[in-house]
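Q: As given, the protein sequences belong to chains A and B, one line each in that order. Heads up, the first sequence is in full-length UniProt numbering, so the first residue is 1 and it goes up one at a time. Heads up, the second sequence is in full-length UniProt numbering, so the first residue is 1 and it goes up one at a time. The beta-carbon is built from N, C-alpha and C at its ideal position, and this holds for glycine as well. The structure presented is a predicted model; accordingly, all values stated were derived computationally and were not measured.
Number of protein chains: 2
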Amino acid sequence: MPRPHPSSGFAPGLPAPPRLARGTTLPRRSCAAAVPAPLGTRSREALSDAMAPLGELLAGVRGVLLDISGVLYDSGAGGGTAIAGSVEAVARLKRSRLKVRFCTNESQKSRAELVGQLRRLGFDISEGEVTAPAPAACQILKERGLRPHLLIHDGVRSEFDQIDTSNPNCVVIADAGESFSYQNMNSAFQVLMELENPVLISLGKGRYYKETSGLMLDVGPYMKALEYACGIQAEVVGKPSPEFFKSALQAIGVEAHQAVMIGDDIVGDVGGAQRCGMRALQVRTGKFRPSDEHHPEVKADGYVDNLAEAVDLLLQHVDK
Amino acid sequence: MPRPHPSSGFAPGLPAPPRLARGTTLPRRSCAAAVPAPLGTRSREALSDAMAPLGELLAGVRGVLLDISGVLYDSGAGGGTAIAGSVEAVARLKRSRLKVRFCTNESQKSRAELVGQLRRLGFDISEGEVTAPAPAACQILKERGLRPHLLIHDGVRSEFDQIDTSNPNCVVIADAGESFSYQNMNSAFQVLMELENPVLISLGKGRYYKETSGLMLDVGPYMKALEYACGIQAEVVGKPSPEFFKSALQAIGVEAHQAVMIGDDIVGDVGGAQRCGMRALQVRTGKFRPSDEHHPEVKADGYVDNLAEAVDLLLQHVDK
Numbered sequence: 001m002p003r004p005h006p007s008s009g010f011a012p013g014l015p016a017p018p019r020l021a022r023g024t025t026l027p028r029r030s031c032a033a034a035v036p037a038p039l040g041t042r043s044r045e046a047l048s049d050a051m052a053p054l055g056e057l058l059a060g061v062r063g064v065l066l067d068i069s070g071v072l073y074d075s076g077a078g079g080g081t082a083i084a085g086s087v088e089a090v091a092r093l094k095r096s097r098l099k100v101r102f103c104t105n106e107s108q109k110s111r112a113e114l115v116g117q118l119r120r121l122g123f124d125i126s127e128g129e130v131t132a133p134a135p136a137a138c139q140i141l142k143e144r145g146l147r148p149h150l151l152i153h154d155g156v157r158s159e160f161d162q163i164d165t166s167n168p169n170c171v172v173i174a175d176a177g178e179s180f181s182y183q184n185m186n187s188a189f190q191v192l193m194e195l196e197n198p199v200l201i202s203l204g205k206g207r208y209y210k211e212t213s214g215l216m217l218d219v220g221p222y223m224k225a226l227e228y229a230c231g232i233q234a235e236v237v238g239k240p241s242p243e244f245f246k247s248a249l250q251a252i253g254v255e256a257h258q259a260v261m262i263g264d265d266i267v268g269d270v271g272g273a274q275r276c277g278m279r280a281l282q283v284r285t286g287k288f289r290p291s292d293e294h295h296p297e298v299k300a301d302g303y304v305d306n307l308a309e310a311v312d313l314l315l316q317h318v319d320k
Numbered sequence: 001m002p003r004p005h006p007s008s009g010f011a012p013g014l015p016a017p018p019r020l021a022r023g024t025t026l027p028r029r030s031c032a033a034a035v036p037a038p039l040g041t042r043s044r045e046a047l048s049d050a051m052a053p054l055g056e057l058l059a060g061v062r063g064v065l066l067d068i069s070g071v072l073y074d075s076g077a078g079g080g081t082a083i084a085g086s087v088e089a090v091a092r093l094k095r096s097r098l099k100v101r102f103c104t105n106e107s108q109k110s111r112a113e114l115v116g117q118l119r120r121l122g123f124d125i126s127e128g129e130v131t132a133p134a135p136a137a138c139q140i141l142k143e144r145g146l147r148p149h150l151l152i153h154d155g156v157r158s159e160f161d162q163i164d165t166s167n168p169n170c171v172v173i174a175d176a177g178e179s180f181s182y183q184n185m186n187s188a189f190q191v192l193m194e195l196e197n198p199v200l201i202s203l204g205k206g207r208y209y210k211e212t213s214g215l216m217l218d219v220g221p222y223m224k225a226l227e228y229a230c231g232i233q234a235e236v237v238g239k240p241s242p243e244f245f246k247s248a249l250q251a252i253g254v255e256a257h258q259a260v261m262i263g264d265d266i267v268g269d270v271g272g273a274q275r276c277g278m279r280a281l282q283v284r285t286g287k288f289r290p291s292d293e294h295h296p297e298v299k300a301d302g303y304v305d306n307l308a309e310a311v312d313l314l315l316q317h318v319d320k
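Listed below in structure tokens is the structure:
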């Protein structure tokens, strides 16, 4: 398996948040980590025993940030598939006293389309509960008077309806999927090379994500391609940017030290949240790979088989 | 204009070659650097005066390595166009006592196709005079028992005719042009992610090149994309790899300190050749940009308007 890329670490200068012993790991149910065993295969008592050390880490948690792709569902043809137990887990979380916010780097679909898809899979979720990079980018574009050339998927174009794209003075790149053609990449490159001060805004910098059909290149590799071609550095809007996590926390009125992030991306979700002072659990679903548990730079506060197990833990321990 | 990318520097550990005062710059004829004034606009005497300091740097030169794209011609629709004066310049060089070798990172065409195109433009060049990355890569593949998944342009596929591509255990990436589709990039990514020890071989790592229609993304940005996606580092075959320059020098039996490289790429041609102990001139044609003359890491031994001027210099000074 490929070794982690040295540049996937963190921006220097942010203090490490205070935390308890990190890296509590629950026993894995099976080697096929991305395919969790059905819920209910372990007794409640056995589960409780295994979780004891991790449970202590969850003291004082008031809010939960949930990644979507790879935690709630795997995207793919026909709308993707819900990850076993996740529909119920979200419902249980939302019935609890915990504040819940969905924090995604999804940039191929508008929030409306994403939420519609998730609701069809049975999730209790609404557009107003989602923090996503496209709206955050639009705010930045407006604040700075930037007129983007958009290298994006048609599915997310509606988020930019109110943005002036004439005579572009920057490039916005998102997970464009099939629209990452040579011609489209070259057009974005040429716009950047014509600018005196080229600005490249990237909606996330994920390396890849998991679709039902397999691993798929995310926006990050294409961001790196344009960075190298133009000799510039992109501004990332989305996880693991601290501003992005903070805006999600603000939306539910929870402080970083009172929050836990649950995601499948060891760097973007777990590392990013920890750098903001949050606790973070990695699920063994979605793009999780066994080597993530030995990542040289990031150690999750805990590793759980799936969202259902994370919610079991939270609901057992947060009110104690 | 974009600032140079920090990663476009050199591999550490190679000793800097001994050299004379570097960076002699001839006066620019016009601001439109990539469009040199027609030859013959300056008297022979004026030219001689301007070249005096640079001429000294050429003492002892016995061999010349010539980049092709951006020095001999600009590629593009209909076979591209010869750069003014370059056809005659190559002919004059080949009539002199100097040894000449063409050293290209062209990886979109086979040598046969490239040479055919250049001959149609009037150049005196044969396949056996060209050092190109595809044949060098084939040698490496055979030596190491590697079976590549090929992410290449159809035009260069014939160079790999003798290579076993079944059950791939590495990826070879070249300047694939329009074949850099999302689907093709994703297939290469998936092959690499399935390998225990992923090997990515890149035919050059150029950022971009100039076609008659404008600047075009080269293989380098796509190499960087796969490096980032998989957390690996590519092996580069072609300029600026020292092995590649050395093989070109060996072909003409010239030592590095007796040779000069003439190219339009400040990093790949000029910097790479200098790291091998050669002298190097940058032409103000092809992908040359004015900021190249103030590159923070690489300083050419001299900057000339075009190949014709470089050959004027060489023929005036090398036999003195």
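1. Is Ser291(A) helix, strand or coil by DSSP?
2. Buried or exposed for Gly128(B), please, with buried defined as at least 16 other CB atoms from any protein chain shown within 10 angstroms of its CB.
3. Assess contact between the region 197-211 of chain A and the region 96-103 of chain A, defined as three or more Cβ pairs (one per stretch) separated by less than 8 Å. Is contact present?
4. Go to Cys170(A), then tell me how far its beta strand (DSSP E) extends in each direction, as first and last residue.
5. Taking the alpha-carbon positions, what's the Arg62(B) to Pro290(B) distance?
6. Is it buried or exposed for His294(A), if we count other Cβ within 10 angstroms and need 16 for buried?
7. Identify whether Leu58(B) lies in helix, strand or coil by the three-state DSSP scheme.
8. What is the DSSP secondary structure of Ser247(A), counted as helix, strand or coil?
9. In whole angstroms, what is the alpha-carbon distance linking Ser181(B) and Val191(B)?
10. Output, in chain order, the set of chain B residues within a Cβ distance shorter than 7 Å of Asn186(A).
11. By the 10 Å Cβ neighbour count, where 16 or more other Cβ atoms means buried, how is Gly231(B) classified, buried or exposed?
12. Could you pull the DSSP bridge partners for Pro148(A) from this structure?
13. Out of Gln139(B), Pro133(B), Ala134(B), Asn169(B), state which residue places its alpha-carbon closest to the alpha-carbon of residue 362(B).
14. Does Thr285(A) pass the burial test, meaning 16 or more other C-beta atoms within 10 Å, or should it be called exposed?
15. With a threshold of 7 Å on Cβ separation, who are the neighbours of Ser247(B) within its own chain once the five nearest residues in sequence on each side are excluded?
16. In the structure shown, what three-state DSSP assignment does residue 330(B) receive?
17. Is any beta-carbon of chain A found at less than 8 Å from that of Tyr209(B)?
18. Going along chain B in order, which residues have a C-beta closer than 9 Å to the C-beta of Glu178(A)?
19. When the distance is taken between beta carbons, is Ser86(B) closer than 8 Å to Leu72(B)?
20. For Leu118(B), which of Arg92(B), Gly79(B), Ala84(B) has the nearest alpha-carbon?
21. Chain A partners of Lys224(B), CB-CB under 7 Å?
22. What is the rounded straight-line gap between the Cα of Tyr228(A) and the Cα of Ala234(A)?
23. Give me the chain A residues within the contact set of Gln282(B), using Cβ-Cβ distance strictly less than 9 Å, ordered along the chain.
24. Note down, in chain order, each residue of its chain lying with its Cβ closer than 6 Å to the Cβ of Arg66(A), except the 5 sequence neighbours on either side.
25. Hey, how far is the Cα of Lys287(A) from the Cα of Ser187(A)?
26. Taking just the CA atoms, how far does Ala308(A) sit from Glu88(A)?
27. Would Glu255(A) be called buried (16 or more neighbouring beta carbons within 10 Å of its own) or exposed?
28. Using alpha carbons as the reference points, say which of Leu54(B), Ile83(B), Ala59(B), Gly60(B) lies closest to Glu211(B).
29. As an exercise, report each continuous alpha helix (DSSP H) stretch of at least 4 residues that is fully enclosed by the region 254-300 of chain A, in chain order.
30. Hey, is Pro221(B)'s beta-carbon within less than 8 Å of any beta-carbon in chain C?
31. For Gly214(A), which residues does DSSP report across the bridge?
32. Could you tell me the alpha carbon to alpha carbon distance between Gly122(A) and Ala77(A), rounded to whole angstroms?
33. Per DSSP, Ile201(A) is paired with what?
34. Residues of chain A with CB closer than 7 Å to the CB of Gln190(B), please, in chain order.
35. Just to check my reading of the structure: Ala280(A) and Val270(A) have Cβ atoms closer than 8 Å, yes? What is that Cβ distance to the nearest angstrom?
36. Would Glu178(A) be called buried (16 or more neighbouring beta carbons within 10 Å of its own) or exposed?
A: According to the data block:
1. helix
2. exposed
3. no
4. 170-173
5. 29 Å
6. exposed
7. coil
8. helix
9. 16 Å
10. Met216, Leu217
11. buried
12. Cys170(A)
13. Chain B is shown only over 1 to 320; residue 362(B) falls outside these bounds and no answer can be derived.
14. buried
15. Thr131, Ala136
16. The structure shown does not extend to residue 330(B), since chain B is modelled only from 1 through 320, so no value can be given for it.
17. no
18. Ser181, Tyr182, Gln183
19. yes
20. Gly79(B)
21. Lys224, Ala225, Tyr228
22. 10 Å
23. Within 9 Å Cβ-Cβ: nothing; Gln282(B) doesn't reach chain A, min ~17 Å.
24. Note on identity: in this sequence residue 66(A) is Leu, with Arg being the wrong assignment. The residues are Phe102, Ile262.
25. 31 Å
26. 8 Å
27. exposed
28. Ile83(B)
29. 272-275
30. Reference to chain C is not applicable here, since the protein chains of this structure are A and B.
31. Glu211(A)
32. 17 Å
33. Val172(A), Glu235(A)
34. Gly214, Leu215
35. 4 Å
36. exposed
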